[in-house]
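Protein chains: 2
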Amino acid sequence: MEPIKDVQVVRQVNRGAVLELLRREGPMPRTAIARATKLTAPTSFAIVDELVAAGLVRCVATSRSSPGRPRAIFQFNPAAAYSLGVDLSGASFVGVLIDLSARVLETRRVARPNPPDVSAVIQWIASFAQEMRSSPALDPSKLAGLGVAIPALLEADSGHVITSTNLNWHDVPFARLLEEAVGTGVYLENTPRSIALCERWFGAASEAEHLLCINIGMGIGMGLIIDGKLYVGDDAQSGELGHTAVVPNGAPCRCGGRGCLEAEAAGGAILRNAVDALQRGMASSLAETANGDPRRITLDMVVNAADEGDPLASSVVRAAGQMIGTAVRNAVILLNPTMVVLSGSLVHSSQLLFETVRAVVQNRALPPLHRVSAMPIVRAQLGLLAGAVGAAGLVHQRRMGLYDGTKVVAP
Amino acid sequence: MEPIKDVQVVRQVNRGAVLELLRREGPMPRTAIARATKLTAPTSFAIVDELVAAGLVRCVATSRSSPGRPRAIFQFNPAAAYSLGVDLSGASFVGVLIDLSARVLETRRVARPNPPDVSAVIQWIASFAQEMRSSPALDPSKLAGLGVAIPALLEADSGHVITSTNLNWHDVPFARLLEEAVGTGVYLENTPRSIALCERWFGAASEAEHLLCINIGMGIGMGLIIDGKLYVGDDAQSGELGHTAVVPNGAPCRCGGRGCLEAEAAGGAILRNAVDALQRGMASSLAETANGDPRRITLDMVVNAADEGDPLASSVVRAAGQMIGTAVRNAVILLNPTMVVLSGSLVHSSQLLFETVRAVVQNRALPPLHRVSAMPIVRAQLGLLAGAVGAAGLVHQRRMGLYDGTKVVAP
DNA sequence: GGCCCTTATTATGGCCCCCATAATAAAGAT
DNA sequence: ATCTTTATTATGGGGGCCATAATAAGGGCC
Chain R
49 MEPIKDVQVV RQVNRGAVLE LLRREGPMPR TAIARATKLT APTSFAIVDE LVAAGLVRCV
109 ATSRSSPGRP RAIFQFNPAA AYSLGVDLSG ASFVGVLIDL SARVLETRRV ARPNPPDVSA
169 VIQWIASFAQ EMRSSPALDP SKLAGLGVAI PALLEADSGH VITSTNLNWH DVPFARLLEE
229 AVGTGVYLEN TPRSIALCER WFGAASEAEH LLCINIGMGI GMGLIIDGKL YVGDDAQSGE
289 LGHTAVVPNG APCRCGGRGC LEAEAAGGAI LRNAVDALQR GMASSLAETA NGDPRRITLD
349 MVVNAADEGD PLASSVVRAA GQMIGTAVRN AVILLNPTMV VLSGSLVHSS QLLFETVRAV
409 VQNRALPPLH RVSAMPIVRA QLGLLAGAVG AAGLVHQRRM GLYDGTKVVA P
Chain S
49 MEPIKDVQVV RQVNRGAVLE LLRREGPMPR TAIARATKLT APTSFAIVDE LVAAGLVRCV
109 ATSRSSPGRP RAIFQFNPAA AYSLGVDLSG ASFVGVLIDL SARVLETRRV ARPNPPDVSA
169 VIQWIASFAQ EMRSSPALDP SKLAGLGVAI PALLEADSGH VITSTNLNWH DVPFARLLEE
229 AVGTGVYLEN TPRSIALCER WFGAASEAEH LLCINIGMGI GMGLIIDGKL YVGDDAQSGE
289 LGHTAVVPNG APCRCGGRGC LEAEAAGGAI LRNAVDALQR GMASSLAETA NGDPRRITLD
349 MVVNAADEGD PLASSVVRAA GQMIGTAVRN AVILLNPTMV VLSGSLVHSS QLLFETVRAV
409 VQNRALPPLH RVSAMPIVRA QLGLLAGAVG AAGLVHQRRM GLYDGTKVVA P
């Protein structure tokens, strides 16, 4: 523990606790704040005053029920600042504009350019930012910054992209380049972690102290919340669930290994396995869809056929779900999280995959030695916007200290 | 973050930081403390005064080198308190008496009773404690308590044993029973976590913010240090590495599952596989040792034969190491720890097992995408005493706030 | 030995934090 | 119009840290 050099950190922490209380519990009178935080009335009144002065909180009404002097009711002010979030991990890029409550005010979507050159991506993000700046919903002076969820290995803190197999980028000072193009602060985080933050702050996991958030699409990654905080690991490289080994001497993976979960069970593997089975002549509704050429099959076709009960597609998707489920179950056994959130394009497009993973993790055939079967496991509440919203929320956290209840400062 | 109701927590934190500095860095003058903690001289002088008053620190000398007034040199006082630690996880039980610096003053060992009845175990611990109380090394008034490392699933905080397949205990209020028998505070933690704490506070991992400590014996477990703190999970059930699935439909495990790492690669599996191979008539130096009856073979014989190069024993041990190594590597890929510590009877008795696990984790055949191959992976520095010493250290941490640098109070 | 120089240690005042308690304000109730 | 009741503000106390200014206690030098 670091020494504390100034009693003012006490006030910072308490300010954060009050603000987070108001954000999560909604409007309340100051006496209720004092009760909930266990601070005395003079202290909590002073803190609310500061938050009002900073614009983060406002008085919305006075309640005059019951005898006694009426109470002034204060509310978290979501309009105190806004930020932009972009998610670069899907087949289409997503951009959002959110307020401090993570209400999504604007959404934009664009097909991912092919190839996704750094300059083309920056171009699109800059024009998105420009458009948002002129949105009627936004007072431009209240724009806190831009957050980007990116399918990449990042250097800790610097915003430097070490490598992204997904985008085929290597060694790109992306945050710096974006800051120049966009003219605001830029914060980067990888996609699974952005989603984990989103769900912890705004979504399905707001009560979870320890969370595994697993993202399943063309890759498989995991964001970890431990003790209520994002955990990134010693080199900021935690969560590479997709590159854990699940099949000895299995399929080659783009990371250079063999038998990685991603190579065996992510979107690419599901498509490949379905095409292979078709080419081996197995019966399936996909045969018609493909019109004689199995190479025309897309991943969407496979997961849709699976949800409609096509045996070939179902068995391919179920096999992937089994593998992913086993890997997630193992992670749960290691980490004993409060809950698990599943997200990503495959989780949202395939009911069968989601159900299979959940069933394998909760495996009720085993004795309840580990309380795995009682642990909640749900889909991301913010769906396919989770990555972008989480990245945008990251801006509020980093610049203003929100959501963690620590060190709140003026916008 | 909880609100802070009192500025005194600032002093508590700073007192902890100063004490931990002195413990880790050795004796130093107060001006050096001020420099290292970045506190001002008046503040750090006052803190040292308090620690001296509490008996946790003492002035050992004054240095009169160089010009200027000589400095008084202060030192962490390891004799301010002592505690007892017991490890119930091995083939023999181990008891230690340590001081605040974890210097081991006394060691006792006893063969594990068979069966290990609760009452027999309590009996032995109570007589051990009685003997230590009368040890000349110990001022009995300075005994802080007793810590126990136990191969069991524990309820969070209560000291209640939910179940221990190893000891064949179920639902035992062990801490309460021990407190009655021993007459001091009793703290329980499972064995891998006790070892992890030991290595983090006193051993090979003292610089590691994020640590995986893997214990390999008849069972396989993991203790996790995250952000410098022990992580136990939502239900205090984290770290069950031995019950992660590694072989689909594999060997039945005592947990009720199949193909768990523990069932496939822990001590029991190694012995079973060696005996099976012998019974199938494979050539091995173990055949002579066994004198015709493979059932006479013990685990020790197998690992010794393996280290001496016996092909059968080597191949059995190496196979176990491969599986364990893969599981550990996967955990490392998920968690990106600062380092990994391996401990437990098998790790210390088998050079081959240790080397195999290390080689698999660091697999240099793969591209260095994940920095796994550069991550240190070492044996527990305190060897087979680590569990008992860690449990004893737990007493100092819980009762006096040591080692974490937080909330230090008088002994 | 007395004086200067250097560094350690102590004293003082300022600002901030929280708390407890008491005073003041602003309603409904009677 | 007074009496409750509850909300809000004022005041003083104890504690934290800091910056700065004394004061102490050596060595070096003449």
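Quick note, the sequences are listed as chains R and S, same order.
With the numbering used here applied, the first sequence corresponds to residues 49 to 459, in that order.
With the numbering used here applied, the second sequence corresponds to residues 49 to 459, in that order.
Built from N, CA and C at the ideal position, the CB exists for glycine as well.
ask   = Along the chain, where does the beta strand (DSSP E) that runs through residue 261 (chain R) open and close?
value = 259-264
Three-state class that DSSP yields for residue 444 (chain R) in the structure shown = helix
7 Å CB neighbourhood of residue 395 (chain R) in its chain, flanking five on each side removed = 264, 401, 402, 427
inquiry  = By the three-class DSSP mapping on this structure, what secondary structure does residue 149 (chain S) have?
reply    = coil
key: Bridge-paired residues (DSSP) for residue 12 (chain R)   = For chain R, the structure presents residues 49 to 459; residue 12 (chain R) sits outside this window and is missing.
message = Looking at the secondary structure, which residues open and close the beta strand (DSSP E) in which residue 430 (chain S) lies?
response = Careful: residue 430 (chain S) lies outside any beta strand (DSSP E) and carries neither H nor E.
ask   = If you check the beta carbons only, do residue 26 (chain S) and residue 376 (chain S) fall under 8 Å apart?
value = Residue 26 (chain S) is absent from the model: chain S starts at 49 and stops at 459.
task = Please specify which runs of the alpha helix (DSSP H), each continuous and at least 4 residues long, are wholly inside the region 295-368 of chain R, giving them in chain order.
result = 309-313, 315-327, 333-338, 347-355
Three-state secondary structure assigned by DSSP to residue 203 (chain R) = coil
ask   = Quick one: does residue 51 (chain S) have its CB under 8 Å from some CB of chain R?
value = yes
DSSP three-state assignment for residue 52 (chain S), whether helix, strand or coil = coil
query = Relative to the C-alpha of residue 151 (chain S), which residue among S:448, S:455, S:438 is closest?
reply = S:438
query = Going along the chain, which residues of its own chain have a beta-carbon closer than 8 Å to the beta-carbon of residue 343 (chain R), five neighbours each way excluded?
reply = 323
Segment contact flag, the region 107-127 of chain S with the region 145-162 of chain S, C-beta cutoff 8 Å, min 3 pairs = yes
query = Three-state secondary structure (DSSP) at residue 162 (chain S)?
reply = coil
key: Stretch-stretch touch, CB-based, cutoff 8 Å, three pairs: the region 439-456 of chain S with the region 239-255 of chain S   = yes
Alpha-carbon to alpha-carbon, residue 288 (chain S) and residue 272 (chain S) = 11 Å
ask   = Any beta-carbon of chain S closer than 8 Å to the one on residue 55 (chain R)?
value = yes
query = Can the beta-carbon of residue 381 (chain R) be found less than 8 Å from the beta-carbon of residue 313 (chain R)?
reply = no
key: Cβ-Cβ distance between residue 170 (chain R) and residue 236 (chain R) below 8 Å   = no
message = For the alpha helix (DSSP H) containing residue 97 (chain R), name the first residue and the last one.
response = 89-101
ask   = What do you reckon, are the CB atoms on residue 86 (chain S) and residue 51 (chain R) nearer than 8 Å?
value = yes
Segment limits, alpha helix (DSSP H) that includes residue 218 (chain R) = No alpha helix (DSSP H) contains residue 218 (chain R), which is instead part of the beta strand (DSSP E) from 217-220.
query = List, in order along the chain, the chain S residues whose C-beta lies closer than 7 Å to that of residue 274 (chain R)?
reply = 274, 279
request  = Find the nearest neighbour of residue 60 (chain R) within the set S:60, S:65, S:398, S:49, judged by alpha-carbon distance.
outcome  = S:49
ask   = What residue range is occupied by the uninterrupted alpha helix (DSSP H) comprising residue 407 (chain R)?
value = 399-409
key: residue 284 (chain R) versus R:311, R:261, R:205, residue with shortest Cα-Cα distance   = R:205
task = Determine the DSSP secondary structure at residue 136 (chain S), reduced to helix, strand or coil.
result = coil
query = How big is the Cα-Cα spacing for residue 386 (chain S) and residue 261 (chain S)?
reply = 11 Å
key: Residue of R:286, R:436, R:327, R:132 minimising C-alpha distance to residue 185 (chain R)   = R:132
task = Return the first residue and the last residue of the alpha helix (DSSP H) that residue 106 (chain R) is part of.
result = Note, residue 106 (chain R): premise wrong, no alpha helix (DSSP H); beta strand (DSSP E) at 105-111.
key: residue 440 (chain R): contacting residues in chain S (beta-carbon distance under 7 Å)   = Near residue 440 (chain R) there are no residues of chain S at all, since even the closest Cβ is about 22 Å away, more than 7 Å.
key: Length of the line joining the Cα atoms of residue 158 (chain S) and residue 137 (chain S)   = 12 Å
query = Looking only at C-alpha atoms, which of R:105, R:282, R:280, R:320 sits nearest to residue 299 (chain R)?
reply = R:320
inquiry  = I need the boundaries of the alpha helix (DSSP H) containing residue 211 (chain S), first residue and last residue.
reply    = Run containing residue 211 (chain S): none in the alpha helix (DSSP H); it sits in the beta strand (DSSP E), 209-212.
query = Just reading off the alpha helix (DSSP H) that residue 245 (chain S) is part of, what are its end residues?
reply = 239-250
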